[in-house]
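Working notes, structure below.
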Amino acid sequence: MPKKAEQPASFETSLAELEQIVTRLESGELPLEAALTEFERGVKLAREGQQTLQKAEQRVQILLSDDRDADLTPFAAEKE
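Each residue of the sequence shown is one higher than the one before, starting from 10 at the first, in this note's numbering.
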């Protein structure tokens, strides 16, 4: 039976995992090999996140380019 392609994690899940990796690395308690493995995973997650953000930015630019006369206002997140 062929392996199913693993679904990429959502941006939010990847970001949470990256934050956990940073915390573990900053603790200084990991052996060298484990730290290197964590670092490699962190770099991969950071690159994937950067690509996701770039794609989102491109989508926004495309959407905004249809109406060049539209007023652009800064996004303000709602406070919790």
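The C-beta atom is built at its ideal place from N, Cα and C for all residues, glycine as well.
- If you look at GLY58, you'll find it in the alpha helix (DSSP H) that goes 41-74.
- Cα atoms of GLU35 and GLN29: separation of roughly 10 Å, rounded to the nearest angstrom.
- The shortest CA-to-CA distance from ALA18 to any of GLN67, LEU73, ALA55 is the one to ALA55.
- Straight-line spacing of the CA atoms in LYS53 and VAL69 works out to 25 Å.
- Within the same chain, and ignoring the five residues on either side of LEU72 in sequence, no residue has its Cβ closer than 8 Å to its Cβ.
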